[in-house]
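In this note's numbering, the protein residues as written are 5 to 290. Yeah, the Cβ is synthetic: ideal placement off N, Cα and C, and Gly gets one too. What follows is a set of notes on a single structure, which appears directly below.
Below, the structure written as structure tokens:
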């Protein structure tokens, strides 16, 4: 049977049994899952199949799905000019006695291994060709159109969310209004990209977002390695130089400095310094 727990209890799929969900996916997609390849994350599980594809299974509460649904990987299949896995199909079901839904998306295999964890602890020493493909994909994504709205951390991004997040962690009397919105991956970190061949995956939360969200998110996940964080800022300098990009950098800093952040996060000090610098720039610009 699929995992069944009280709806009010937080679930971490890294420790909960997912045998029932894996068995259901095998039956419905008519393939076998290689148990030696299973990768567990907090709200998702992935594994290789016997037909050389990858299946990602996610559990999400109904109140986190919203009106636009949660078919981000399926919708991303139409995007052009982006290095991403080929989408093959999906399976969706509702858990018994739960206010949650399960979704399994089957895609082609990645061209390499994920670069690291969401927050990287050492320089991956990526080749210049990787950075070129990275920039091409992000620029292509930002140039496209969609009715989807990004849901970073499963929260729909809005002007109010941006303002509240920044105000909760960054002092200063400056305007937080976003001027430019564009399509974004919305979960851009080192766990969702491959190397040495670039590929961007896990598209569940993509949609319209303030300019610079992806660049700022990747910068924040690089702060433990200063040279890498600097490289992200150089590669995406147009985003970071824009007013919206500065606000998104503060938004990323708020995740590290805010009231719910981990007090021992090693990124706190560089995030604090950057936040102070940006606030001064915004105040001077008026």
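Should residue 116 and residue 207 be called a contact, given that it needs their Cβ atoms to be closer than 7 Å?
no
Practice item. Put residue 258 into one of helix, strand or coil per three-state DSSP. Key: helix
DSSP state of residue 58, grouped into three classes?
strand
Look up residue 110 in the DSSP assignment and give the residues it is bridged to.
59 and 93
- [ ] Return helix, strand or coil for residue 276, following the three-state DSSP convention.
- [x] helix
Pick from 85, 167 and 61: whose alpha carbon is nearest that of residue 138? 85
request  = Inspect the CB distances between the segment 259 to 272 and the segment 216 to 233 and report whether three or more fall short of 8 Å.
outcome  = yes
**Q.** Contact belief for residue 243 with residue 258 at Cβ below 8 Å, rounded distance in angstroms
**A.** About 17 Å; that fails the 8 Å criterion.
### Presumed contact (8 Å Cβ cut-off) between residue 74 and residue 64, rounded CB distance
6 Å
- prompt: With DSSP run on the structure shown, which of helix, strand or coil describes residue 35?
  reply: coil
Can you give me the Cβ contacts of residue 66 inside the same chain, cut-off strictly under 6 Å, excluding the 5 residues immediately before and after it?
103
### Query
For the beta strand (DSSP E) that residue 156 lies in, which residues bound it at each end?
Segment: none, residue 156 is in no beta strand (DSSP E) and carries neither H nor E.
Next on the checklist: In the DSSP assignment, the beta strand (DSSP E) including residue 49 goes from what residue to what residue?
Outcome noted: 48 to 52
- Roughly how many angstroms lie between the CA atoms of residue 260 and residue 47, to the nearest whole one? 21 Å
Check: DSSP three-state call for residue 194: helix, strand or coil?
Finding: helix
* How is residue 118 classed by DSSP in three states: helix, strand or coil? -> strand
**Prompt:** Cα-Cα, which of 128, 111, 78 and 110 is closest to residue 118?
**Reply:** 128
In chain order, what residues of the same chain lie with their CB nearer than 8 Å to the CB of residue 169, ignoring the 5 residues before and after it?
255, 258, 259 and 262
Query raised in the report: How big is the Cα-Cα spacing for residue 20 and residue 149?
Result: 38 Å
Work out the CA separation of residue 112 and residue 92 for me, nearest whole Å.
-> 7 Å
**Asked** Just checking, does the segment 194 to 202 make contact with the segment 158 to 165 on the three C-beta pairs under 8 Å criterion?
**Response** no
Taking just the CA atoms, how far does residue 43 sit from residue 286?
-> 42 Å
ask   = When you compare only the Cα positions, how much space is there between residue 185 and residue 249?
value = 11 Å
Exercise. Among 45, 68, 140 and 216, which one has its Cα closest to the Cα of residue 61?
Worked result: 45
Next on the checklist: Check for me: the beta strand (DSSP E) holding residue 214 runs from which residue to which?
Outcome noted: 211 to 214
**Request:** With DSSP collapsed to three states, give me the class of residue 82.
**Result:** coil
If you check the beta carbons only, do residue 187 and residue 145 fall under 7 Å apart? yes
Taking the C-alpha atoms as reference points, what is the distance between residue 1 and residue 29? Residue 1 lies beyond the range of the chain shown here (5 to 290); nothing can be said about it.
Practice prompt. Assign residue 98 to one of three DSSP states: helix, strand, or coil.
Written response: strand
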